[in-house]
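Respectively, the protein sequence lines represent chains B and F.
Using the working numbering, you'd call the opening residue of the first sequence number 2 and step up by one each time.
Using the working numbering, you'd call the opening residue of the second sequence number 42 and step up by one each time.
The beta carbon of each residue, even a glycine, is placed where N, CA and C say it ideally should be.
Quick caveat, the model's predicted, so the values are computed rather than measured.
Everything below concerns the one structure shown next.
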Amino acid sequence: KAGVTQTPRYLIKTRGQQVTLSCSPISGHRSVSWYQQTPGQGLQFLFEYFSETQRNKGNFPGRFSGRQFSNSRSEMNVSTLELGDSALYLCASSLLAENTGELFFGEGSRLTVL
Amino acid sequence: AQTVTQSQPEMSVQEAETVTLSCTYDTSESNYYLFWYKQPPSRQMILVIRQEAYKQQNATENRFSVNFQKAAKSFSLKISDSQLGDTAMYFCAFGAQGGSEKLVFGKGTKLTVNP
C-alpha cells in the first residue's frame, strides 16, 4: 500500500510569491491534515479536511488556505509569502472509521522563502 | 486548549541501554489519545506507540513502553535495549477523541544513541 505522497519535496520561493503544495493520502483514507514544522515553533496544526470539507483550522493567517478533492487528495496554498513561512510542511492522512486518532505522515515539502 | 510539554530538548544513550523520555500534558478533555511519534533525520514521522486515556494498562510495543499517569497528566516513553536506528526526534502528541484528527505536539526531544 502506498504511503502519503507529498509534492514537491523541496522548493524555493521569494517573498510575495505564492505556493501550492500537494498531498495524496493513503488509499481509503478520507481525512487529510496539514502541519507546519519549524525549529522554533515545532509542529503546528494548520487545518484538516474530511470529505472535501474543512473540519478544523489552526491559528494561522488567512494567507494559508487549503482544499480537498473528491478523491481525497489535498492541496494547501500560501499566498504573499513571508520569510517566516520557511518551514517543512507535513501532510498526514487517517482512516477515521477506526477512530484511532493515528496519523500517517508524508515526508513533507520543505519550503524556503528568500 | 491542550498543551503538551517535553522538558528534555536533547538526550543521549549508549547502545543497548535504556532511556526514558518525559512528556506532560494539560487538557480538560475526558476522552483522548496520547502518542509518541518518531522522526528520524530527513525521514518521515512514524507512530511509535499509542495510548487511549480510558485504558489503565500501559501500552507496549516491543522495546517501547509508556508510563501513563492520568492523574498527573504524565506520559513518558521508555526505550529498552536502545539501537542506533532509534536516533531521531521524538514527539509526544495529544489527540482528543472524536470529531477531528488534530494533534497537539510537544516541541520534541532529540535522542542520540551512541555506539
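Do we get a CB-CB distance below 9 Å when we pair residue i with the residues of chain B?
i: PHE116 (chain F); result: no
i: TYR78 (chain F); result: yes
Could you tell me whether the Cβ of residue i comes closer than 9 Å to any Cβ of chain F?
i: GLY85 (chain B); result: no
i: SER34 (chain B); result: yes
i: GLY29 (chain B); result: no
i: GLU76 (chain B); result: no
i: GLY109 (chain B); result: yes
i: VAL20 (chain B); result: no
i: VAL114 (chain B); result: no
i: GLY4 (chain B); result: yes
Residues of chain F with CB under 7 Å from residue i, in chain order?
i: GLY63 (chain B); result: Per Cβ cutoff of 7 Å: no residues; GLY63 (chain B) is ~19 Å from chain F at best.
i: VAL104 (chain B); result: Sequence inspection shows Leu at residue 104 (chain B); the Val mentioned does not correspond to that position. Correct list: GLU142 and LEU144.
Just how far apart, CA to CA, sit residue i and residue j?
i: LEU152 (chain F); j: TYR74 (chain F); result: 23 Å
i: PHE51 (chain B); j: GLN55 (chain F); result: 43 Å
i: ASN57 (chain B); j: ALA57 (chain F); result: 42 Å
i: THR44 (chain F); j: GLU70 (chain F); result: 12 Å
i: TYR90 (chain B); j: TYR36 (chain B); result: 6 Å
i: THR46 (chain F); j: THR101 (chain F); result: 22 Å
i: MET52 (chain F); j: CYS64 (chain F); result: 13 Å
i: ARG31 (chain B); j: PRO156 (chain F); result: 42 Å
i: LEU22 (chain B); j: GLU108 (chain B); result: 13 Å
i: MET86 (chain F); j: SER25 (chain B); result: 16 Å
i: LEU118 (chain F); j: ARG104 (chain F); result: 10 Å
i: ASP86 (chain B); j: LYS148 (chain F); result: 18 Å
i: GLU142 (chain F); j: GLY63 (chain B); result: 21 Å
i: LEU96 (chain B); j: ILE27 (chain B); result: 9 Å
i: GLU76 (chain B); j: ALA88 (chain B); result: 16 Å
i: VAL60 (chain F); j: SER80 (chain B); result: 43 Å
Counting only Cβ pairs nearer than 9 Å, list the residues of chain B close to residue i.
i: GLY149 (chain F); result: GLY43 and LEU44
Which chain B residues sit within Cβ distance under 7 Å of residue i?
i: PHE132 (chain F); result: LEU44
List the residues of chain F whose Cβ lies closer than 8 Å to the Cβ of residue i, in chain order.
i: LEU12 (chain B); result: Per Cβ cutoff of 8 Å: no residues; LEU12 (chain B) is ~16 Å from chain F at best.
Along chain F, which residues have their Cβ under 9 Å away from the Cβ of residue i?
i: LEU95 (chain B); result: Reading off the sequence, residue 95 (chain B) comes out as Ser, not Leu. Chain F residues near SER95 (chain B): GLU142.
i: LEU91 (chain B); result: GLN85 and MET86
Is residue i close to chain A, meaning its C-beta is less than 9 Å from at least one C-beta of that chain?
i: LEU75 (chain F); result: Checking the listed chains, one finds no chain A in this structure; the protein chains it contains are B and F.
inquiry  = Output needed in chain order: residues of the region 45 to 60 of chain B with a Cβ under 7 Å from some Cβ in chain F.
reply    = PHE46, GLU49, ARG56 and ASN57
task = Count the CB pairs spanning the region 81 to 97 of chain F and the region 122 to 133 of chain F that are closer than 8 Å, and state whether there are at least three.
result = yes
ask   = Listed in chain order, which residues of the region 84 to 96 of chain F have Cβ atoms closer than 8 Å to some Cβ of chain B?
value = ARG84, GLN85, MET86, ILE87, LEU88 and ARG91
key: Touch test, the region 57 to 70 of chain B against the region 5 to 12 of chain B, Cβ-Cβ under 8 Å, three pairs minimum   = no
message = I'd like to know if the region 16 to 24 of chain B and the region 39 to 50 of chain B are in contact, where contact means that at least 3 CB-CB pairs between them fall below 8 Å.
response = no
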